[in-house]
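Chains as they are written, first to last, in our numbering: chain A, 1 to 147; chain B, 148 to 294.
There are 2 protein chains.
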Amino acid sequence: MTDHNTTDKTTADKIVSAEQLLLSRGVKPTPQRVVIADYLLQTDSHPTADEVLSAVSGALPVALSRATVYNTLNTLKDAGVIKEVLTEPGRVRYDANVSHHHHFVDVKTGQILDIPADKVEAIGQLLGDQYKVHGFQVLFYGELEQN
Amino acid sequence: MTDHNTTDKTTADKIVSAEQLLLSRGVKPTPQRVVIADYLLQTDSHPTADEVLSAVSGALPVALSRATVYNTLNTLKDAGVIKEVLTEPGRVRYDANVSHHHHFVDVKTGQILDIPADKVEAIGQLLGDQYKVHGFQVLFYGELEQN
DNA sequence: TCATGTATTTAGAATAAGTCTAAGTTGAGA
DNA sequence: TCTCAACTTAGACTTATTCTAAATACATGA
């Protein structure tokens, strides 16, 4: 299992703690926010809000409210610490890899993998004449060959 | 305003009625289904289920149930008559252009435009070594230059 | 140190999108 | 004409997310 986040230069120049990352983006590092950010930095599973809640609720001495999870995810998204990923109807997934990249959805397992932008390089210019492209997201569906 | 659907060879060889299209895909053309399919074939606005409901509810002598709209959209999707498009959290949009194409989201207006696949050609092969790509969707965000 | 004010967190209510249920309707074929 | 399966319906339900109002936590200035 690769862990893109701890080696992602876009997220940070060195391996930073969640707390440092939040501070650098102007987000007050409360215990709840640190635990949630930390979980997202450590996983590559593109979890939903609910999955975040169950994953981290044991990590705090106090109960973690569902509202806090949603508040925090929105705060982190607005601060550019994480990104939303839409792969299926009706659910939003989150990704702490905020570098320019795309996703590969394994239609058999539901597994979602990051695809680095350099694999998909030229595409951004394709529309240059008629559109001002701020960004784009490529969503692949398929199957992993082995694994 | 371009109308991709009536000229889309993938949808049909000639301009077909919604009724003929449904028959050709093995879907019984009830009045509700015909009206909904017809609306989707005529628009390029990528409507949500709710937008479909308000757009077509006047077109039938009887009341059109919300459940029927959802049932029909799912039936048409399963039959390959329409496709789901995910551009924003929490809402599913529908597109009667089932040819291989992508989308451009104008971040100012929310307008969603179709981008033909030939504009985005090579990308499908990029992952060939490690993944079996069944398909992919490119979602562009940006602004229209003029319009 | 203490009081105060603002930000944050919380539980639970509210909302919105979509699905389910059970009853009624339709229509094709015997 | 009768029957049966498919379809539609209203409304209940579910699920994901947001809102609300009260409680808590902190940093700051007196």
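Here a beta-carbon is modelled for each residue, glycine too, at the ideal position from N, C-alpha and C. Since this is a predicted model, take the numbers as computed values, not measurements.
8 Å Cβ shell around V27/A - same chain, five flanking residues per side excluded
R33, T75, L76, A79, V81
CB-CB under 7 Å to A202/B, same chain, minus the five flanking residues each way: which ones, in chain order?
Y186, P194
By the three-class DSSP mapping on this structure, what secondary structure does K83/A have?
strand
Short of 9 Å Cβ to Cβ, which residues in the region 75-98 of chain A face chain B?
E84, L86, T87, E88, P89, G90, R91, V92
Can you give the Cα-Cα distance for A96/A and T177/B, rounded to whole angstroms?
47 Å
Out of P208/B, V209/B, L220/B, which has the shortest C-alpha to C-alpha gap to E198/B?
L220/B
Below 8 Å on the Cβ atoms is my contact criterion, and I expect A214/B with V182/B to pass it. Report the Cβ-Cβ distance as a whole number of Å.
Actually they are not in contact, since the Cβ atoms of A214/B and V182/B sit about 15 Å apart, beyond 8 Å.
In three-state terms, what does DSSP make of L64/A?
coil
Name the residue from E88/A, D44/A, I115/A, T109/A whose alpha carbon lies nearest to the alpha carbon of H101/A.
I115/A
K83/A and V98/A - do their beta-carbons sit closer together than 7 Å?
yes
Boundaries (first-last residue) of the beta strand (DSSP E) holding V252/B:
248-253
Here's a check: name, in chain order, each residue in its chain whose Cβ is nearer than 6 Å to the Cβ of V239/B, leaving out the five neighbours to either side.
E231
Using a Cβ cut-off of 7 Å (strictly closer), state whether S164/B contacts chain A.
no
Can you tell me where the beta strand (DSSP E) with V239/B in it begins and where it stops?
238-242
In angstroms, rounded to a whole number, what distance separates the CA positions of S57/A and A49/A?
12 Å
Considering only their Cβ atoms, is the gap separating A210/B from A184/B smaller than 7 Å?
no
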